[in-house]
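These notes are about the structure you will find just below.
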Amino acid sequence: MEEADARPSKKARRPGAGSGLTLFALRLAKQLSEDGSSGDNLVFSPLSIYAALALVAAGAGGETLDEFLALLGAASCDELAEFVRGMAESALTDRSVSGGPLVAFACGFWHQETLALRPAYRAPPWSPTRPRRAPPISSRRGSTKGDKQRNWVSKATNKLITSIHPKRSVKPSTALVFANAIYFKGKWSKPFEQEKTKDREFYCLGGSRVHGGTAHRGARRLPYRNSDERTRFSMCFFLPDARDGLPGLVDKMTSSFSSFLRDHLPKRRVKVGEFLLPKTVFVPTLPFLFPVASA
716 MEEADARPSK
726 KARRPGAGSG
736 LTLFALRLAK
746 QLSEDGSSGD
756 NLVFSPLSIY
766 AALALVAAGA
776 GGETLDEFLA
786 LLGAASCDEL
796 AEFVRGMAES
806 ALTDRSVSGG
816 PLVAFACGFW
826 HQETLALRPA
836 YRAPPWSPTR
846 PRRAPPISSR
856 RGSTKGDKQR
866 NWVSKATNKL
876 ITSIHPKRSV
886 KPSTALVFAN
896 AIYFKGKWSK
906 PFEQEKTKDR
916 EFYCLGGSRV
926 HGGTAHRGAR
936 RLPYRNSDER
946 TRFSMCFFLP
956 DARDGLPGLV
966 DKMTSSFSSF
976 LRDHLPKRRV
986 KVGEFLLPKT
996 VFVPTLPFLF
1006 PVASA
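Shown next, in the form of structure tokens:
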């Protein structure tokens, strides 16, 4: 972490951090689906991971910076900072008071006092919170650092999020922790109707089938109730035609992400055939290793 190593990157790249986030999300989804062996579904936040990596990139230089910018699809640190700052101000702003979604966002990092940080890490140009520094950790009080992070994120999100990492994942030997958390709770502009929820078969990857509640909807884009016309939230579903067509669909989305989204994101109401959505329960307790090198 010596400041002398921080030198600007000179390698040319295509611009467009916004497109970079989309491609990053699709590539990561493909990588995680290929690496998954448990058979469980995985839900992750591309923006949360992207923001954490942008924070790391803020203090990088040379070839390391080149690798981060290539991964994140940005031409420079300034472009990356501007994009993440814009996302924080628009998509991550709470709108619950005026009838929109409830959103909370917290981002920061902790380090041992024995480490000297570069100025870019002490005051990132886009970070909504200043870096937090944890006291030195010994083997006798190894939980101190994790407790401080849990208390911080609970306060930053008004107790909406009370933990940002699994217990005992921060050890006495941990020198640096980057962490962020996003809380989102919205209401459908047109709620699901309970009488239309029925027990139906759901086909899983690998060919197995399960029975569960499904709700009938005549749409593939489900808008949330919004209070700001400039920033609108929707949940979009991309379904393959074949029951075993999900891997092929992911490949197609990854290889031509810009044209695929442009051609398939609905821009107006259209009539569709039978379209059933399974009832889903999210369990936020599944840790996984993020494959930075292969993403």
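Residue numbers (my numbering): 716 to 1010. For each residue, glycine too, the CB sits at the ideal point set by N, CA and C.
Between F953 and G901 the beta-carbon gap is near 20 Å, outside 8 Å, which marks them as no contact. If you look at F783, you'll find it isn't in any beta strand (DSSP E); it sits in the alpha helix (DSSP H) that goes G777 to L787.
When DSSP reads this structure, F820 sits in a beta bridge with I897. Burial state of R742 is buried, judged by a 10 Å Cβ sphere holding 16 or more other Cβ atoms.
Of all C-beta pairs linking the stretch 861-874 to the stretch 889-906, three or more are shorter than 8 Å, placing the two stretches in contact. DSSP lists H926 as the bridge partner or partners of E916.
In the DSSP annotation of this structure, the continuous segment of the alpha helix (DSSP H) that includes T969 starts and ends at L961 to S970.
Taking 8 Å as the cut-off, the beta carbon of G774 is found closer than this to the beta carbon of R833.
Judged by DSSP in its simplified three-state form, H880 adopts coil rather than helix or strand. Beyond the five residues adjoining it in sequence on each side, F975 comes within less than 7 Å, by CB distance, of K967 and M968 in the same chain, given in chain order.
K745 and S888 have their C-alpha atoms some 32 Å from each other. Straight-line measurement puts the Cα of V799 at about 25 Å from the Cα of K863.
At a Cβ-Cβ threshold of 8 Å, F824 and L768 do not count as neighbours. Burial is judged here by how many other beta carbons sit within 10 angstroms of a residue's own beta carbon; C792 has at least 16 and is buried.
In this structure, P761 sits away from L787, with a CB-CB distance that is not shorter than 8 Å. Rounded to the nearest angstrom, the gap between the Cα atoms of A806 and G777 is 31 Å. The continuous stretches of alpha helix (DSSP H) do not include R984, and DSSP gives it neither H nor E.
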